[in-house]
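Engineer:
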Amino acid sequence: MTRKTLKSFQLGEMLGVGTVGTIHRAVDRVSRREVALKILQPAVSQDPTIRLRFEREIEVLHKLNHPNVVACYDHGLDNKRLFYSMEVVDGGTLKEILAKRGRLRVEEVLECGWQLCSALQYIHNHGIVHRDLKPSNIYLTQSGLIKLGDFGIALDTGAVEITDQGLTVGSYLYMSPEQIRGDRSISYQTDLYALGCLLFELVTGEPPFQGDNFARIFDQHLSTEPPSARRLAVDCPEVLDELIRSLLSKDPDDRPINARSVQGILAETLSELTGPEVIDTLKMCHRTGSRRLERLIAPARLEPNEVSWSQLIMAAAAIALLVCLASIVKLFGG
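Per our numbering, residue 9 is the first one in the sequence shown, and the count goes up by one each step.
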């Protein structure tokens, strides 16, 4: 029988399963707060490398406190099982939204990028390189606030011992050339490269480099110039296309200097598209959320004169039923 409690936590539904851990919705019976509980699986908990990474993830999260970063509350050990609790983010991930939408509108891409840059600049200021920036690690709240999560392979540049230097870690669709090579000089620019891959996917609906296997994709990251986002998505502003190309530069020194500079370009571009008042709205989103991004996760709303496919199907079925009934009445009535 599956255990329903862990220390002071009452376990609820399972929210996710990974290679090394599970995430459950849970309630802290002391504080009565609902949390997401990440638990290291017993089968791998004795592996020193996996255990060290899990412990390091907890240490990294406890250093961070920002509206655009998933908050970590508590951690502990129960019957040799490591766990930590974090905030519940109920709006889903960008991966799930892309699966439903295909791609985002330019304004949505710009605002997603703006919020994400806020998270990246903050963690970089605290000496953390995420190293695994991808749609499935970016969450949204019900109010449209972006949350960066999953720091399982994050690099703490201030740590005394950095065991992953010289290793190839990350997700191959979003890995920088220096990450693929396993360079020992991994810097914040690695996250900016992944940000370029992410922005490209949000605006076009597909990653910049694709292939049948990771070797072909690695080769493109290392030696192939990225395609133009504007060619695949004609509504992509030229300035955004150029920014993505800059982020995807093979040489880290050719990328933007930091996430803050990228954030400025995204804000200016959004301002040109929607009006200067959007700048004040962006600055407030940490407290109020985003109405534009909230609509990504809210049930689709029809415009006054818009008809959905389901409504058309129901109408057609009703008409067919009426025709059938009329035929029956005519047959037996006379």
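Using N, Cα and C, we set each Cβ at its ideal position, and we do this for glycine too.
Please read all numbers here as calculations on a predicted model, not as lab measurements.
At what residue ranges does the segment 173-230 contain a whole run of the alpha helix (DSSP H), taking only runs of 4 or more?
Structural biologist: Runs found: 185-189, 197-212.
Engineer: With DSSP run on the structure shown, which of helix, strand or coil describes V168?
Structural biologist: For V168, the predicted model reports a pLDDT of 45, less than 50, meaning its position is unreliable; a value from the coordinates is still stated below. In the structure shown, V168 sits in coil (DSSP, three-state: anything other than H, G, I, E or B).
Engineer: Quick one: what's got a C-beta closer than 8 Å to L14's C-beta in the same chain, skipping five residues either side?
Structural biologist: Answer for L14: A34, L45, I47, D86, R89, F91, listed in chain order.
Engineer: Using only the alpha-carbon positions, how far apart do L102 and L301 sit?
Structural biologist: In a straight line, the C-alpha of L102 is about 11 Å away from that of L301.
Engineer: Could you have a look at V68 and say whether DSSP puts it in helix, strand or coil?
Structural biologist: Helix at V68.
Engineer: Could you give the distance in angstroms between the alpha-carbon of G272 and the alpha-carbon of G157?
Structural biologist: Computed Cα separation, rounded: 23 Å.
Engineer: Helix, strand or coil: which one does DSSP assign to V242?
Structural biologist: Residue state, collapsed to three classes: coil.
Engineer: Measure the alpha-carbon distance for G152 versus R268 and round it to whole angstroms.
Structural biologist: Cα-Cα distance, rounded: 21 Å.
Engineer: Here's a check: name, in chain order, each residue in its chain whose Cβ is nearer than 6 Å to the Cβ of V251, leaving out the five neighbours to either side.
Structural biologist: It should be noted that the sequence gives Leu, not Val, for residue 251. Here the set comprises I273.
Engineer: Distance check for P284 and R61, CA to CA, integer angstroms please.
Structural biologist: Distance between the alpha carbons of R61 and P284: 44 Å.
Engineer: Going by C-alpha distance, which of L203, P215, L112, L230 is nearest E186?
Structural biologist: Minimum Cα distance to E186 is reached at L230.
Engineer: Taking the straight line between their C-alpha atoms, what separation do you get for L278 and E119?
Structural biologist: Straight-line Cα distance between these residues: approximately 8 Å.
Engineer: If I measure Cβ to Cβ from R364 and keep anything under 6 Å in the same chain, skipping five residues before and after, which residues do I get?
Structural biologist: Nothing about residue 364 can be read from this structure; the chain reaches only from 9 to 342.
Engineer: Could you pull the DSSP bridge partners for R343 from this structure?
Structural biologist: Not covered by the structure: residue 343. The range shown for the chain is 9 to 342.
Engineer: Sorted by chain position, which residues of the same chain lie with C-beta nearer than 6 Å to L19's C-beta, five sequence neighbours on each side aside?
Structural biologist: So the list reads K12, H32, A34, once near-sequence residues are dropped.
Engineer: The beta strand (DSSP E) that contains G84, what's its start and end?
Structural biologist: Unbroken beta strand (DSSP E) run through G84: 80-86.
Engineer: Fully enclosed by the segment 86-134, which beta strand (DSSP E) runs are 3 residues long or longer?
Structural biologist: Fully enclosed beta strand (DSSP E) runs of 3 or longer: 89-94.
Engineer: DSSP on V28, reduced to helix/strand/coil?
Structural biologist: Coil.
Engineer: If you run the structure through DSSP and keep just helix, strand and coil, what is V315?
Structural biologist: A caution first: V315 carries a pLDDT of 44, below 50, which makes its placement in the model too unreliable to give a value.
Engineer: Can you give the Cα-Cα distance for L203 and V52, rounded to whole angstroms?
Structural biologist: Computed Cα separation, rounded: 31 Å.
Engineer: Tell me the DSSP secondary structure of Q18 in three-state form.
Structural biologist: Strand at Q18.
Engineer: Just tell me which of T149, I188, G190 has its CA closest to the CA of A306.
Structural biologist: The residue with the shortest Cα to Cα distance from A306 is T149.
Engineer: T232 by DSSP, collapsed to three states: which one?
Structural biologist: T232: coil per DSSP, three-state reduction.
Engineer: Can you grab the Cα-Cα spacing for the pair E214 / L256, in whole Å?
Structural biologist: If I take the Cα positions, the gap works out to 15 Å.
Engineer: Where DSSP assigns a beta bridge to T13, which residues make up the other side?
Structural biologist: Answer by DSSP bridge pairing, in chain order: Q18.
Engineer: If you follow the alpha helix (DSSP H) that I305 is in, where does it begin and where does it stop?
Structural biologist: Note, I305: alpha helix (DSSP H), 299-305.
Engineer: Below 8 Å on the Cβ atoms is my guess for I188 versus F226; work out the distance and round it to an integer in Å.
Structural biologist: Contact flag correct, Cβ pair sits at about 5 Å.
Engineer: Could you check what DSSP says for I161 in three-state terms: helix, strand or coil?
Structural biologist: Coil.
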